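Asks: Just so we're aligned, residue 36 is where the sequence shown starts under the numbering used here, counting upward by one. First the structure, which I've put down as structure tokens, then a few questions once you've had a look.
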Amino acid sequence: MFFGRPAPLSDYARARQLIAAVDRGGIPLNPAKVNAIARSLGLEVARQAPVEATLERIRLALARATEP
């Protein structure tokens, strides 16, 4: 019965949540957060990179990932 904060999500879990939200029709409003998630997966992302391109790179990284 502890009401503390939930455990932080892994980088891959955050990326999966982002992609799931986009697939449901959501639009990422903050490109900096998308870039931060991509960088946490080890991707190099330019600040001026289109969000759509970054999302596609995140999808590819998740497809290659071995983490459940």
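Ideal Cβ positions, reconstructed from N, Cα and C, are used throughout, including at glycine. Bear in mind that the values here come from a model prediction, so they are computed numbers and not experimental data.
Measuring alpha carbon to alpha carbon, tell me which of V69, A88, R40 and F38 ends up nearest Y47.
Replies: Your numbering for residue 47 matches position 12 in the sequence shown. Of the candidates V69, A88, R40 and F38, the one whose C-alpha sits nearest the C-alpha of Y47 is V69.
Asks: In terms of residue numbering, what span does the alpha helix (DSSP H) encompassing P63 cover?
Replies: Position 28 of the sequence shown, counting from 1, holds the residue named residue 63. DSSP places P63 outside any alpha helix (DSSP H), giving it a letter other than H or E.
Asks: Would you decide whether I93 is buried or exposed? Buried here means 16 or more other CB atoms lie within 10 Å of its CB.
Replies: The residue you call residue 93 lines up with position 58 of the sequence shown. It is buried - the Cβ of I93 has at least 16 other Cβ atoms within 10 Å.
Asks: Rounding to the nearest angstrom, what Cα-Cα distance links L64 and E87 in this structure?
Replies: For the purposes of this step, residue 64 is taken as residue 29 along the sequence shown, with counting starting at 1. For the purposes of this step, residue 87 is taken as residue 52 along the sequence shown, with counting starting at 1. Whole-angstrom Cα-Cα distance: 12 Å.
Asks: Using a Cβ-Cβ cutoff of less than 8 Å, which residues in the same chain neighbour V80 once the five nearest sequence positions on both sides are dropped?
Replies: For the purposes of this step, residue 80 is identified with residue 45 of the sequence shown, where counting begins at 1. Excluding sequence neighbours, V80 sits near N70, A73, R74, T89 and R92.
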